[in-house]
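Residue numbers (this note's numbering): 5 to 291. Glycine residues also receive a C-beta, built at the ideal position from the N, C-alpha and C atoms. Keep in mind the model is a prediction, meaning the values are calculated, not measured. The next block holds one structure in the form of C-alpha cells; read it before the comments.
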Ligand code: PAF
C-alpha cells in the first residue's frame, strides 16, 4: 500500500497537461469527482475507476454553487490530510484540488440546467442544488476529458442527471454508477454522517430498514403502493426520522411510478434527523 499521496494540481492547465501526457501513451483515464471528506464509498468509486482505467484522477472541490444559502457550505468537513492519505492508499494518480476562483473565475455566468430530472425529489427541496451540481460536473468532465467518470448510487437522482447532461452535451465519457456502500447496520455512508450524535447514529439505520421493507411490500402488491408508502412515512416518523420525501420512481427516467413493475423502479427517500439530512434509495424489487 502506497503512503505517498499522488501529485496535487490546482489549475485546469496543470490537470490538462498531466492527462495529455497519459493520453500520449494511450493510457485510459478515469475521473472520480468528490467534495472530499473521503470515506469507503469514495474508495469504492476509486476502485471501480482503477479496475477500468490505467490512470485515476480524483477531484476534490467543495462546490459552493450546489449549497443553498441555509445549507452547510461553511461547515462542510474538509479534512485535507486524511483525504490525501486515502488517495495514497487507493493509489490515485492525480488529485485535482482547484480553488473557487479557478472553477468560477470573476465574470463566470454559465449555468448548466437539466430540465425534468432535476425537478422532483431532492430538486424540489433544494432549489438550485442540481444546477450547481450539473454546472460543476460538466466543467470537470470537460476539463479532465476522461474516458469514464464514477458516481455513487447513493445520490441516485444526481447520477441520472449526470448521465443525461453528458448525453445531451455530447461529452464523450462513460458515466458509471457504483453501488451504495453501507455500514454493517445498513446506514449508507455519507460525509455528513459525522454530524450525527450517538443517539441519532443509533436511529439512522431505520431509514434503510424501512426502505427495504417498503420495497419488498411494493414488489408483492404494486397497486397498493400509495397505502404502503403512507404507512412507511408514519413508521419512519415514529422511529424519530422526519420524512422530507419517500417516493417511488421509474429507475431510469425518474417519472412517477405507474404501478407497473415490468420496468425497474427505485424507492428514494430524504429524511431529517436532528440537524442532519440523510438520503438513501433501493431498487424495487429489492436486490
Ligand atoms: O456527489 C458529490 O460529491 C458532488 O455532488 C459532486 C458530484 C462531486 C459535484 O460537486
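Which residues DSSP lists as bridging residue i, in chain order
i: residue 280; result: 277
i: residue 270; result: 253, 287
i: residue 154; result: 180
i: residue 63; result: 37, 100
i: residue 12; result: 99
i: residue 186; result: 192
i: residue 56; result: Partner(s): none; residue 56 has no beta bridge.
i: residue 246; result: 276
i: residue 260; result: 253
Residue i and residue j closer than 8 Å at C-beta
i: residue 65; j: residue 39; result: yes
i: residue 222; j: residue 148; result: no
i: residue 136; j: residue 70; result: yes
i: residue 132; j: residue 72; result: yes
i: residue 250; j: residue 233; result: yes
i: residue 269; j: residue 288; result: yes
i: residue 275; j: residue 246; result: yes
i: residue 282; j: residue 211; result: yes
i: residue 144; j: residue 170; result: no
i: residue 140; j: residue 107; result: yes
i: residue 7; j: residue 92; result: yes
i: residue 9; j: residue 103; result: no
i: residue 182; j: residue 49; result: yes
i: residue 67; j: residue 34; result: no
i: residue 180; j: residue 153; result: yes
i: residue 218; j: residue 243; result: no
i: residue 21; j: residue 129; result: no
i: residue 47; j: residue 94; result: yes
Length of the line joining the Cα atoms of residue i and residue j
i: residue 98; j: residue 36; result: 10 Å
i: residue 81; j: residue 194; result: 11 Å
i: residue 164; j: residue 121; result: 7 Å
i: residue 105; j: residue 127; result: 26 Å
i: residue 155; j: residue 19; result: 20 Å
i: residue 134; j: residue 51; result: 26 Å
i: residue 192; j: residue 230; result: 25 Å
i: residue 215; j: residue 271; result: 7 Å
i: residue 279; j: residue 203; result: 13 Å
i: residue 199; j: residue 238; result: 24 Å
i: residue 208; j: residue 285; result: 14 Å
i: residue 267; j: residue 255; result: 8 Å
CB contact check: residue i to chain C, cutoff 8 Å
i: residue 259; result: The chain labelled as chain C is not found in the depicted structure, where only one protein chain is given.
*Spell out a yes or no on whether the stretch 79-90 and the stretch 39-48 are touching, meaning 3 or more CB-CB pairs, one atom from each, closer than 8 Å.*
yes
*Does the stretch 108-117 come close enough to the stretch 23-33 that 3 or more CB-CB pairs lie under 8 Å?*
no
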